[in-house]
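Just below is one structure, and these are the notes that go with it.
4 protein chains.
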Amino acid sequence: MIYFRSDYSQGAHPKVLAALANTNFEHTDGYGMDPHCAKAADMIRELIGVDDCAVHMMIGGTPCNVTLIAAALRPYESVVAVRTGHAYTHETGAVEATGHRVTVLDGENGKLTPALIDRAFEEYEDEHTPLPRLAYISQPTEIGTLYSKAELGALSAKCAEREMILYVDGARLGAALTAEENDLSIRELAQLCDAFYIGGTKNGALFGEALVIRNKAIDDHFRFMIKRQCGMLAKGRLIGVQFEALLDGGEAGVYFEMAAHANRLAKALRDGLSAMGVAFYSPSQTNQVFPILPRDVVEELERDVFFYRWAPERAGMIPIRLVTAWGTTDTDVTAFLDRVRAILQEKVR
Amino acid sequence: MIYFRSDYSQGAHPKVLAALANTNFEHTDGYGMDPHCAKAADMIRELIGVDDCAVHMMIGGTPCNVTLIAAALRPYESVVAVRTGHAYTHETGAVEATGHRVTVLDGENGKLTPALIDRAFEEYEDEHTPLPRLAYISQPTEIGTLYSKAELGALSAKCAEREMILYVDGARLGAALTAEENDLSIRELAQLCDAFYIGGTKNGALFGEALVIRNKAIDDHFRFMIKRQCGMLAKGRLIGVQFEALLDGGEAGVYFEMAAHANRLAKALRDGLSAMGVAFYSPSQTNQVFPILPRDVVEELERDVFFYRWAPERAGMIPIRLVTAWGTTDTDVTAFLDRVRAILQEKVR
Amino acid sequence: MIYFRSDYSQGAHPKVLAALANTNFEHTDGYGMDPHCAKAADMIRELIGVDDCAVHMMIGGTPCNVTLIAAALRPYESVVAVRTGHAYTHETGAVEATGHRVTVLDGENGKLTPALIDRAFEEYEDEHTPLPRLAYISQPTEIGTLYSKAELGALSAKCAEREMILYVDGARLGAALTAEENDLSIRELAQLCDAFYIGGTKNGALFGEALVIRNKAIDDHFRFMIKRQCGMLAKGRLIGVQFEALLDGGEAGVYFEMAAHANRLAKALRDGLSAMGVAFYSPSQTNQVFPILPRDVVEELERDVFFYRWAPERAGMIPIRLVTAWGTTDTDVTAFLDRVRAILQEKVR
Amino acid sequence: MIYFRSDYSQGAHPKVLAALANTNFEHTDGYGMDPHCAKAADMIRELIGVDDCAVHMMIGGTPCNVTLIAAALRPYESVVAVRTGHAYTHETGAVEATGHRVTVLDGENGKLTPALIDRAFEEYEDEHTPLPRLAYISQPTEIGTLYSKAELGALSAKCAEREMILYVDGARLGAALTAEENDLSIRELAQLCDAFYIGGTKNGALFGEALVIRNKAIDDHFRFMIKRQCGMLAKGRLIGVQFEALLDGGEAGVYFEMAAHANRLAKALRDGLSAMGVAFYSPSQTNQVFPILPRDVVEELERDVFFYRWAPERAGMIPIRLVTAWGTTDTDVTAFLDRVRAILQEKVR
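Here is the structure:
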């Protein structure tokens, strides 16, 4: 069986697991008030080159998004996002559950642009309409594409002009930072937004994300918000311990190594499929690959490969999603490409 | 000064005001538990030909929409509406404030269609996405168009197929029922939806709408919901008294007479403007008129006519909105058309 | 029939009704953006001696309470109130519906005290508990008692010490201001709190309350909050027009006259009942009277007097509530006292 | 250093950690849709003797409480709890954040009783008050006491009479089930309530609780609610794997063994302190101990023992809380008792 369904299908990288085992019998205070969370936060501050930001160890991506948004916005303010954004598509209305609209617009290659921000303001008039106040984006996007330094800079400037908060969902931030075509360092990213998170779950942690908040107004009483939104882990140190392990060695550490590995194998998938003439649903630049395949090929592949159908079938063709991770092997990639090649050859025979 | 800015710019029709004065010194119980509300509800049941539905006297349109939706949906369920729908465009996220997403789609002439319902379900997958559960429409639509009997029937059938609730915002229902091109009676409307309201505010009441709920599951404990959503008026009878006056005489009564009057004058505006070669932003069939005029004409008109600019300027042309009401006079219409004609003639001289 | 069930059982004072009729055919902008609301707000600013406060015309008491609280608090903050407070007892959890706890404590004669504020903070620890942030009180209280100038001053000082907002529900503020024993002027009240409202519904208006906000942080974008909480009336001027009429003449005007009238008749009820040896559930000082009567007397009275049983029966005795209003007559009071006297005499014969 | 501050200060029991390591490289589907969660659920169904209940693997106690309550209640319904209940005291208003009131009453030894349920209904009248609908209790209570079989039976009967849901927070359920004085089996508990959870976090898991829902109406679309309330873990299997390890061997397994161990050491603390004449704040019967000590003794102990001050100082005496866990040793207990004895002896010298 070959597994390309997600980058959270296995447990943790062995170094992460070892760190949990090594610290298992320590007694510490709960709820993230322990030395490991403090240390991990310091490591992150150094990594991003910001001394005085808040870093909160969070249990998951949806808790990051929802807690940040609920803390940042006044009741009548809204979020602006593209229709493919995770906070819109895959969080069961958790943002709206806190009372805020997510204004969605059709993005370009999964990205929000300054022009789309302006478009959102066309819906805004006065006290009869919600006030757009927070731009939600992901780096990389939900369909694997990247904001360039210029693109993020322009978006950041537009947000400043519109008095909006810019928040970056970094569920797969490792994949962005280590992508071949990436020109945006984590230090630059940190400077261009109000808050972002460094995703652990989808890059080798058991679970956990590190939420960085540079904007002090948003961070006010933030721990109250974490608790109120049900996101405070009793043994909070578990997240701190994992990030210590992940980020040990900085950009030479296992976090970056795993992400680069996943990117390399995704590229191998893309290159292999392209060579067979396969087209793609999204020009993904990271660890997700979205080939569009004939229905019968998809059905045949589903017999021994795990993946998701990504979008509705059109004219007999189905976009699927393949995801690589730290645990994916070269053998998985080769076996998959061989399988596709064989099926395609069988078809044309 | 000519006033076409809204149909709620004056007080109430004299018969409504007289009814309030005539009952002013009666003592009754509060919160809608009085004989006037009961009588008005019975009049409405007879008007719509439904014996056993609930009728609640509500203080306004947004309270109707929000209370109905909050009562009808479980937390993870969402509303489907067109982007021009009032509950999306002009209620400051009041629906989302109750924790529910409004999934918006671009409508056709302001209308939701069975195909758009299907499109909303393309965003729905499983427990990671909100479940579309209530279709919100207005009759007439926010831009004055009408659902035909066939269109509403098709939408109702699609809702049944999708196990969705169909709710009709009737802020200007009088205008729909008395429109020349309307083929949908209030009795038919009542049968095709789960709930709708008969708007008073925009048709000659001081304020107040009558919310009709045929679906008994939605009506369960509904008065708790009205109070919780801040919509219960202490002197609730004021709404009952007004609807008694408005509906006295049934379809021959003042409610229908006022709406027909407003429609007639709107048609006169449309005909007059058409004759001058003016194009329209929406093929409105009721008491709203949306001419598209050159910017300088709009600016000139703004000197002595009250109206709203409706949509952003494109290529020097601005869509404006003119609304007629029970208090609009033939003189207002003639004066306005003369004014436009004069400005246009001045331009081409 | 004698009616003591509430002070909102009749329509409006004739002067209020006349004002609505006199302005009925004016065209104005909607949603409170009209000259009448502006004028009424100015009259209130003058009455309370505060030049630069916000005054919003609101449709009812619950909308005042809920909108103010939702605007004033961050999500993790809570309200402190006594168990008899209206926002706790009679608003169906509308405050909690906006996500905020109401921490309730047993009051003394219906009043919140500095000691009770301290008690509320005993429940507060850190990010695991809501932060008490707004003290909700009513003047007069729900059971008719009054905060003296000294009591309100002490509470205000305690709120300042605890960095809390002090908000006064003035549903029956007229009754407080005109009570014989009152030593707190509206100017003093305005200085001692962050926000309060002047109730119209329970003192001669058809409906409507004037919400005064001195604390500018709370007023920020407040009209967005009114709309989002479903409290914005299309024909907003109706409230402005009524307050113009109510407050015309200032403290010599009809608002104060009606309240004084109701207080006088309530005192007559209290004196009359006291003379018969009746005890009271609450030492009310305003237009509510809470006699405790034997069950059979209550049942006998219920045959031709309207009132509420107020608290559960204990040892055969039932506290009831009698409310007087602008429309109550001396004859009503005399007739009621005669009736009670007759029943009591019958009993002891 | 001796650590009695909490039962979540260390990582996981070695068997739990080993199970995570052993399954680390498996690929499974995410979000709890994996064989380990399914297996753990089956083990729990067998343990409690209920074939057809739902079992959800949850990330923490607050997520259990909040998601269950939000799923179970309609918007106008409220929770009834004692003032010491965890959902009231230590969850930062997370229940209210979903729009529901928690009606709090002073319990007896931390317990809710049928009489208190009746008291809660004294606040309920009609549509102007929230409707009490769910009774929230903990077994053991927040202060370590136990509901006997008779007590829970009576509460369950009262809930049935009042048409209320009975929900049991089992954060420390292991401690209850293995307490010397307990007469309520988990099978009996399961029959007496609508839903409860088996706590992992406070009894040897890294994190995770197993929520059991017998009432099918509450379980409807429950996974949507988990996701919407931010409680769905991507690598959901982590919780399943842990419960497989904890419950392996059933009542002879490590879950019960750890809890019994903690209870035994707590009893040793209680007996030792009692022998020194120390009084207790709560008659705890489980792994929490609440001695009341003179302030100077507390301050002295704080130099090398970790614990919480539990309640405000009264007359120089401070109630503290000591908690034992699976990792607490006999040596810890002996050392602590020796330390207290020494300080007390020093005082009286």
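Protein chains in written order, with my numbering: chain A, 5 to 353; chain B, 5 to 353; chain C, 5 to 353; chain D, 5 to 353.
Here a beta-carbon is modelled for each residue, glycine too, at the ideal position from N, C-alpha and C.
Using beta carbons (cut-off 8 Å, strictly below), is residue i in contact with chain D?
i, result
"Gly320/C", "no"
"Ser286/C", "no"
"Arg105/C", "yes"
"Glu30/A", "yes"
"Pro79/B", "yes"
"Ala74/B", "yes"
Taking 8 Å as the CB-CB limit, is residue i close to chain B?
i, result
"Gln176/C", "Checking the sequence, you will find Arg at residue 176/C rather than Gln. So no, Arg176/C is outside the interface."
"Ser10/C", "yes"
Would a C-beta distance cut-off of 8 Å place residue i and residue j closer than the cut-off?
i, j, result
"Asp223/A", "Ala58/A", "yes"
"Pro298/A", "Met262/A", "no"
"Leu21/B", "Val245/B", "no"
"Gly97/C", "Pro134/D", "yes"
"Leu326/D", "Phe8/D", "yes"
"Gly114/D", "Val86/D", "yes"
"Leu116/A", "Ala139/A", "yes"
"Asp173/D", "Asn69/D", "yes"
"Asn186/D", "Leu150/D", "yes"
"Ala16/D", "Asn26/A", "no"
"Glu248/A", "Lys19/A", "no"
"Thr332/A", "Leu277/A", "no"
"Gly208/B", "Gly65/B", "no"
"Ala101/C", "Gly103/D", "yes"
"Ile6/D", "Asp308/D", "yes"
Which same chain residues, not among the five before or five after residue i, have their C-beta less than 7 Å away from its C-beta?
i, result
"Gly235/A", "Met62, Ile63, Pro67, Thr71"
"Gly254/B", "Leu51"
"Met280/B", "Val344, Arg345, Leu348"
"Gly34/D", "Ala238, Lys239, Gly240"
"Tyr229/D", "Residue 229/D is actually Met in this sequence, not Tyr. Cβ neighbours of Met229/D beyond the five flanking positions: Thr71, Ala74, Ala75."
"Tyr312/A", "Arg9, Ile324, Arg325"
In this structure, what does DSSP give as the bridge partners for residue i?
i, result
"Tyr3/A", "An answer regarding residue 3/A cannot be provided, because it is not within the stretch 5 to 353 covered by chain A."
"Gln292/B", "Val327/B"
"Lys115/D", "Glu112/D"
"Tyr312/A", "Arg325/A"
"Ala85/C", "Val108/C"
"Gly203/D", "Glu213/D"
Got a sec: is the Cβ-Cβ distance from residue i to anything in chain C below 8 Å?
i, result
"Lys231/B", "yes"
"Pro118/D", "no"
Tell me which same chain residues have a C-beta within less than 8 Å of the C-beta of residue i, skipping the five on either side of it?
i, result
"Pro118/B", "Ala158, Leu159, Ala161, Lys162"
"Arg105/D", "Ser82, Val83, Pro134"
For residue i, which residues from the same chain have a beta carbon less than 6 Å from its beta carbon, with the 5 sequence-adjacent residues on both sides left out?
i, result
"Ala329/D", "Asp11, Ala266"
"Ala45/D", "Val59"
"Gln14/A", "Gly331"
"Phe310/B", "Tyr7, Arg9"
If the cut is a Cβ gap below 9 Å, which residues of chain D does residue i touch?
i, result
"Leu135/B", "His225, Phe228"
Is the Cβ of residue i closer than 8 Å to any Cβ of chain A?
i, result
"Gly97/B", "yes"
"Ala101/B", "yes"
"Pro383/B", "Nothing can be reported for residue 383/B, as the shown portion of chain B is limited to 5 through 353."
Identify the contact partners of residue i in chain C, using a Cβ-Cβ distance below 9 Å as the criterion.
i, result
"Thr93/D", "Glu127, Glu129, His132, Thr133"
Given that residue i touches chain C, what residues does it touch there, using C-beta distances under 7 Å?
i, result
"Ser82/D", "Gly97"
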